[in-house]
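Chains A and B supply the protein sequences, listed in that same order.
The letter at position 119 of the first sequence is residue 119 when you use my numbering, and the numbering goes up by one with no holes.
So the number in my numbering is just where the residue sits in the second sequence, counting from 1, plus 174.
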Amino acid sequence: MMLPTHRSGRLLLPVSMVFVWFSMVLAVILSCIPVGRFLAMPDFVALVLAFWCVREPHRIGMGAGFILGLTVDVVIGSVMGQHATAYVLLAWAAIANARRLLWFSPAVQSLYMVPMFFMVQLVMLLLRMASGGRFPGWEYFFTCFTTAVLWLPVYYLLLLPQMRPIDRDENRPL
Amino acid sequence: MATGHQTPPFFKRGLPPAARATIYLALCFSLLVADLRLHYLDTLRQGLTVLTYPLRIAAATPADFVRNAANYFSGLASLQKENRQLKSHQLEMDSALMFTRELERENDNLRGLLDVSKRVGLRTTAAEIVYPSRDAFSRKVIINKGSTQDIEPGSAVVDSLGLLGQVTRVFPLHAEVTLVSDKDQAIPVVVERSGLRAVMFGSGSGLLELKFLAANAEVKPGDRILTSGLDGIYAPGIPVAVVLKVTRDNSESFARILCKPIAAVERNGAVLVFNRIEPLPARPSDELERNSRRASSGRIRQRGVTEAFAGQSAPAETASAPVATPPAPVADASAPAPARAARSSAARSAPVAAASAPAAAGSAPAGREARSAQ
């Protein structure tokens, strides 16, 4: 678990699985925020899931994607399996590209994530259109860009616990 | 995309990613089918909804706080103005109500004299739209009353102006209302001016569409559309929409009629849920099967009509469901009427039009809703 990024100037602590799952629950909560018909709302769950799939491909994967997808399906009130399918595919793509992505800087990573998030949107659109849903309008696809833009802040936020120094400094506790 | 890392043989990492993805995708697809086609997952959804309710509250509380704060600062003057308006409105309503009670009693008496079945009793529950559903592919809203307040799936939901939608899923503390503008929502309606019966579908873009009306049907922009009550779900006479545009194309047999919903469909606010007091009349079991066999053998439904008159009290939805195939003989139109009503002369002379087939087509999906609700 030492030095997962080759550009990283610092050694990171091993990740705590409690924190990983906490961040995912937080993402689900964020996805319940009632925003009405604002379609470009970022998909926080996809973002956090993809992040951990890239950072910890051996621990977080398609199983987590499936569980999160079902939860989001229930919370949002969409068809069961709609988000689950999309997130399983996202986790697969993220794991498959994890080693390559870690070579890049966070900004370039976020560019790489756009097609993956686009795939999530596309899969859900195809599933729902096939089952007789209405076309929600082109702004539906903005979600993948707003989600990818958030990759950068989320990158630092979710790595913060691992960036703590090993020796606890009494004068600077954080 | 890279194909993934090859697992070194001396590390145990379980199934390869492709196999795992296949398993999960198969699971997802079976869930999709079970939910969409077979409706098996309602209990699972109920359970998960109860489990995720705290998350929902956690997310909704800050949003509520912002909304309430905005309300708090909305100012004394505007509230006073609103109060004055409400008071004058109340006064008008009171006087109207006095006459309505009298009329209702008179109507009941007359119906009793004519031996016609009583109007359906309704119990209303006030609720509030909490927020629109996040699902981008359908038009649904969440209201703040659920099964603990006796909300039932299938009930009609109205606001102060007209029909808003139908309760489709009920959870312990909230319920999901499918708006009339949803693509899958079908309502049996009647054109107020001409008495023409038809079915109304959501067009998906916030407007409604009156389908399967003949190209020369008696509809023009500005007509009001009311519920016909044929399906036994919506009470008759609730305003639904106003006709916006009628396109008559000679190359097509049906007119394309766009309507605008009367209710404030895409806004938040207070709503009323109409619950039925009596249950729907029982559905005759073999009617549907027999009729479809008859339709396929080519001899059409003279007998079906006589049977409907003969005394089975067939509810509208079942009697009309098999007639959904487009070429509809005029005789059909009386089949949907319950047999008791058919005995009265008033019902026999009810306006009969080509619209009977659409009414049948429309009540079929609505009937499905009701059945899944039971």
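For each residue, glycine too, the CB sits at the ideal point set by N, CA and C.
A residue is called buried once 16 or more other Cβ atoms fall within 10 Å of its Cβ, and B/Ser312 is buried on that count. The alpha-carbon of A/Tyr112 is positioned some 12 Å away from that of A/Leu152. B/Ile316 carries a strand assignment under DSSP once its states are collapsed to helix, strand and coil. Of the residues A/Ile166, A/Glu170, A/Asn171, the one whose Cα lies closest to the Cα of A/Pro14 is A/Ile166. Taking B/Leu382 as reference, the option from B/Pro410, B/Thr196, B/Val420, B/Leu432 with the minimal CA-CA separation is B/Leu432. Note that the C-beta distance between B/Ile407 and B/Ala330 is below 9 Å. Interface flag for B/Thr217 against chain A is unset, since no Cβ pair is found closer than 9 Å. Contact between B/Gln359 and B/Gly376 holds, with the beta-carbon distance rounding to 5 Å and staying under 8 Å. In the structure shown, A/Ala64 falls within a helical segment according to DSSP collapsed to helix, strand and coil. Apart from sequence neighbours up to five positions away, the residues of its chain that approach A/Cys53 with a beta-carbon distance below 7 Å are Ile60, Gly61, Ala91, Ala94, Ile95, Ala98, ordered along the chain.
Boundaries of the alpha helix (DSSP H) around A/Pro115: 106-130. For A/His83, the closest C-alpha among the options A/Trp103, A/Ser31, A/Phe38 is that of A/Ser31. Shown here, B/Val365 sits in a strand according to DSSP, grouped into three states. Chain A has a Cβ within less than 9 Å of the Cβ of B/Cys202.
Of the other Cβ atoms in all chains shown, fewer than 16 fall within 10 Å of the Cβ of A/Asp169; this residue is therefore exposed. DSSP places A/Gly133 outside both helix and strand once states are collapsed to three, so it counts as coil. Residue burial is scored here from C-beta neighbours: B/Leu284 has fewer than 16 other C-beta atoms within 10 angstroms and is therefore classed as exposed. B/Ala270 is not bridged by DSSP to any residue. Rounded to the nearest angstrom, the gap between the Cα atoms of A/Ser23 and A/Leu158 is 8 Å. Judged by DSSP secondary structure, B/Thr352 falls within the beta strand (DSSP E) whose first and last residues are 349-353.
With a threshold of 9 Å between beta carbons, B/Arg430 makes no contact with chain A. Distance check between A/Pro106 and each of A/Ala130, A/Leu150, A/Trp138, A/Gly65 places A/Leu150 closest, using alpha-carbon atoms only.
Leaving aside the five residues that flank B/Glu366 on each side, the residues in its chain whose CB is nearer than 8 Å to its CB run, in chain order, Asp397, Arg398, Ile399, Leu400. Residue contact check for B/Glu350 against chain A: a CB pair falls below 9 Å. Proximity of the stretch 131-149 of chain A to the stretch 38-52 of chain A meets the contact definition, three or more beta-carbon pairs being nearer than 8 Å. Between A/Ile76 and B/Arg343, the CB-CB gap reaches or exceeds 9 Å.
Between B/Leu199 and A/Thr71, the C-beta spacing is not below 9 Å. DSSP lists B/Ile361, B/Leu384 as the bridge partner or partners of B/Met374. For B/Pro306, the nearest CB of chain A lies under 9 Å from its own CB, placing it at the interface with that chain. DSSP places B/Asn449 within a strand segment (E or B) once states are collapsed to three. With fewer than 16 other CB atoms across the displayed protein chains lying within 10 angstroms of its CB, B/Asp268 is exposed. The C-beta of A/Ser105 comes no closer than 9 Å to any C-beta of chain B.
The C-alpha of B/Leu418 is placed about 58 Å away from the C-alpha of A/Met17. Listed in chain order, the non-local C-beta contacts of B/Leu296 below 8 Å within the same chain comprise Ala409, Phe448, Asn449, Arg450, Ile451, local neighbours out to five positions each way being set aside. A direct Cα-Cα distance of roughly 34 Å separates A/Gln162 from B/Phe239. Between B/Pro413 and B/Leu337 a beta carbon distance of about 7 Å is seen, short of the 8 Å cut, so the two are scored as contacting.
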